[in-house]
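K.L.:
Before I ask anything, here is the structure I am working with.
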Ligand code: TRP
């Protein structure tokens, strides 16, 4: 039907790619922001619990279905279906995954475009081009369009090069760079006046803030951060060799994701209080910590400006970090529709990438030109409705529909003694019952 399927060349390559997908704006922006808005460490504790108890099991469902089927989500779910009804549901969910992945990329590319523009800003400043700098950081439709186009183009370039030469190569290059930049920035910020107050706000829990709302935010955050529901992890699993232990790799991906989110908190929260010390307002009129775009695009840049020339370099490091994190995530989103077009429509990778990339860029463009009306709406449809509902379908397929012996055989590949592990004693029941119920309960909360 099509060219031979791509595959990750090594265990490490898969790990960097999957961790690269997981670690993104969700970790470095979303997580610290949620922490700031939800009682500091109380949110951290709930998040850690949910990441391992809810997100990890769903991640395992995606990885094992993907590696077993060696196909995209549409084909994979149809492949394990047992009758016309489950085939129908599998087909719908598969296409739903492609649609939601594309919608997520359409808004993600806009936000990532802001990061590219802010990365260019300190260069403009260093060269004294203050008008250009103002345009780069001003909020205009032209600026948004230009930088979304640049970022989408970069994403397409990597995906056009394939699994091993594109996704794997760039992830193994960029992920270590990301960690180094993050640690350097933390080391710098922690020595600035005010940083310790931020650490306190981050690490001392205020459990009076615990609420159903907090649980909901933590669940959404965990699902988004582990790239769940839309077939991203499923397709990465499908490129993984049968010699690796899935439960182990899945646990490592979760650990890296959670670890980097936590580490990013050590940067962002202290940075907020350093900004306050330098005279920037970090609480809104209503007395809440400034969280959304204002935090990353105003509070932090304002702080960089108080640092003089060295501030330009800190800003470059910070926004380079954001661009890298975004890029290793956006490629994993684009791979979802591209893999489908290659496998089901028989297209070659390059034209498939160009076509899907342009379709998604067209959606971004519609959002950019109707920003007020569409930006929040698309985020909410994709992440509050799409991801959880698709997550439930994936759990049902892994837990109820997929033949138990086949599932066991798949997990035994790369982990021959899986039957004796705690994982095998708990997980199959867990994805069957606990996960769908927990997700649905949370979803009911959102809808009501
Ligand atoms: N996990 C990434 C982040 O935290 C975003 C991401 C990549 C994603 N692929 C995804 C989110 C698929 C949802 C679905 O930024």
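Numbering (my numbering), first residue to last: 48 to 495. For each residue, glycine too, the CB sits at the ideal point set by N, CA and C.
Alpha carbon to alpha carbon, how far is residue 488 from residue 495?
P.N.:
Looking at the two C-alpha atoms, the distance is approximately 11 Å.
K.L.:
Return the first residue and the last residue of the alpha helix (DSSP H) that residue 217 is part of.
P.N.:
Here the alpha helix (DSSP H) through residue 217 covers 216-236.
K.L.:
Between residue 336 and residue 318, how many whole angstroms is the CB-CB distance? I'm expecting something under 8 Å.
P.N.:
About 12 Å separates the two Cβ atoms, so there is no contact after all.
K.L.:
Taking DSSP as the reference, what is the three-state secondary structure of residue 287?
P.N.:
In the structure shown, residue 287 sits in coil (DSSP, three-state: anything other than H, G, I, E or B).
K.L.:
Taking C-alpha atoms, which residue in 440, 441, 407 lies nearest to residue 425?
P.N.:
The residue with the shortest Cα to Cα distance from residue 425 is 407.
K.L.:
On the three-pair Cβ rule with 8 Å, is the region 408-425 touching the region 106-113?
P.N.:
Segments in contact, no.
K.L.:
Just tell me which of 143, 324, 183 has its CA closest to the CA of residue 161.
P.N.:
Of the listed residues, the one whose Cα sits closest to residue 161 is 183.
K.L.:
Could you round the C-beta distance between residue 433 and residue 136 to whole angstroms and report it? I think they count as a contact, below 8 Å.
P.N.:
Actually they are not in contact, since the Cβ atoms of residue 433 and residue 136 sit about 15 Å apart, beyond 8 Å.
K.L.:
Any chance the CB of residue 380 is under 7 Å from a heavy atom of the ligand TRP?
P.N.:
It does: the Cβ of residue 380 is within 7 Å (strictly closer) of some heavy atom of the ligand TRP.
K.L.:
Could you check if residue 238 is buried or exposed, using at least 16 other CB atoms within 10 Å of its CB as the buried criterion?
P.N.:
When all chains shown are included, residue 238 counts as exposed.
K.L.:
Who are residue 336's beta bridge partners in DSSP?
P.N.:
Answer is 330.
K.L.:
Since I believe residue 276 is in contact with residue 441 (beta carbons under 8 Å), could you give me their beta-carbon distance rounded to a whole number of angstroms?
P.N.:
Correct: roughly 7 Å between the Cβ atoms.
K.L.:
Going straight from the alpha carbon of residue 327 to that of residue 351, what length do you get?
P.N.:
In a straight line, the C-alpha of residue 327 is about 11 Å away from that of residue 351.
K.L.:
Could you give the distance in angstroms between the alpha-carbon of residue 402 and the alpha-carbon of residue 435?
P.N.:
Going from the Cα of residue 402 to the Cα of residue 435 covers about 28 Å.
K.L.:
May I have a chain-ordered list of the alpha helix (DSSP H) segments no shorter than 4 residues that lie completely inside the region 454-484?
P.N.:
Within the region 454-484, the complete alpha helix (DSSP H) runs of at least 4 residues are 469-476.
K.L.:
Run the CB neighbour count on residue 191, radius 10 Å, all protein chains shown included, and call it buried at 16 or more, exposed below.
P.N.:
Residue 191 is buried by the Cβ-count criterion.
K.L.:
Looking at the secondary structure, which residues open and close the alpha helix (DSSP H) in which residue 111 lies?
P.N.:
Its alpha helix (DSSP H) spans residues 103-116.
K.L.:
Enumerated in chain order, which unbroken segments of the alpha helix (DSSP H) with a length of 4 residues or greater are wholly contained in the region 335-377?
P.N.:
Complete alpha helix (DSSP H) runs here, min 4: 347-353.
K.L.:
Following a CB-centred definition, is residue 353 positioned closer than 7 Å to any heavy atom of the ligand TRP?
P.N.:
No, Cβ of residue 353 sits at least 7 Å from all heavy atoms of the ligand TRP.
K.L.:
Under 7 Å from any heavy atom of the ligand TRP, does the C-beta of residue 218 make it?
P.N.:
No, the beta carbon of residue 218 sits no closer than 7 Å to any heavy atom of the ligand TRP.
K.L.:
Just confirm the distance between the C-beta atoms of residue 477 and residue 379, as a whole number of angstroms; I'd bet it's less than 8 Å.
P.N.:
Actually they are not in contact, since the Cβ atoms of residue 477 and residue 379 sit about 25 Å apart, beyond 8 Å.
K.L.:
Considering only their Cβ atoms, is the gap separating residue 264 from residue 71 smaller than 8 Å?
P.N.:
Result no, Cβ atoms of residue 71 and residue 264 do not sit closer than 8 Å.
K.L.:
In whole angstroms, what is the alpha-carbon distance linking residue 456 and residue 475?
P.N.:
Their backbone Cα atoms lie some 13 Å apart in a straight line.
K.L.:
Round the Cβ separation of residue 134 and residue 285 to the nearest angstrom and send it over; I've been treating them as touching at under 8 Å.
P.N.:
About 19 Å; that fails the 8 Å criterion.
K.L.:
Classify residue 268 as buried or exposed, calling it buried when 16 or more other Cβ atoms lie within 10 Å of its own Cβ.
P.N.:
Buried: at least 16 other Cβ atoms inside 10 Å.
K.L.:
Kindly indicate which three-state DSSP category residue 449 falls into: helix, strand or coil?
P.N.:
The answer is coil: DSSP assigns residue 449 none of H, G, I, E or B.
K.L.:
Quick one: Cα of residue 391 to Cα of residue 176, how far?
P.N.:
In a straight line, the C-alpha of residue 391 is about 49 Å away from that of residue 176.
K.L.:
So what does DSSP say about residue 162, is it helix, strand or coil?
P.N.:
Residue state, collapsed to three classes: helix.
K.L.:
For residue 74, is the beta carbon positioned less than 7 Å from some heavy atom of the ligand SAM?
P.N.:
Looking at this structure, you won't find the ligand SAM anywhere; what it does contain is the ligand TRP.
K.L.:
Is residue 251 near the ligand TRP - that is, is its Cβ less than 7 Å away from at least one heavy atom of it?
P.N.:
No, Cβ of residue 251 sits at least 7 Å from all heavy atoms of the ligand TRP.
K.L.:
Going by CA-CA distance only, name the one from 306, 203, 83, 169 that's closest to residue 253.
P.N.:
Comparing Cα positions, the closest option is 83.
K.L.:
According to DSSP, simplified to helix, strand and coil, what is residue 193?
P.N.:
Here residue 193 sits in helix by DSSP.
K.L.:
For residue 472, which option in 325, 294, 166, 492 has the closest C-alpha, if you only look at C-alpha atoms?
P.N.:
Minimum Cα distance to residue 472 is reached at 294.
K.L.:
Looking at residue 363 and the ligand TRP, is the gap between the Cβ and the nearest heavy atom below 7 Å?
P.N.:
No, Cβ of residue 363 sits at least 7 Å from all heavy atoms of the ligand TRP.
K.L.:
Helix, strand or coil: how does DSSP classify residue 394 here?
P.N.:
Note: residue 394 maps to coil in three-state DSSP.
K.L.:
Take residue 266 and list the residues in its own chain whose beta-carbon comes closer than 6 Å to its own, dropping the five residues that flank it on each side.
P.N.:
Same-chain partners within the cutoff: 97, 489.
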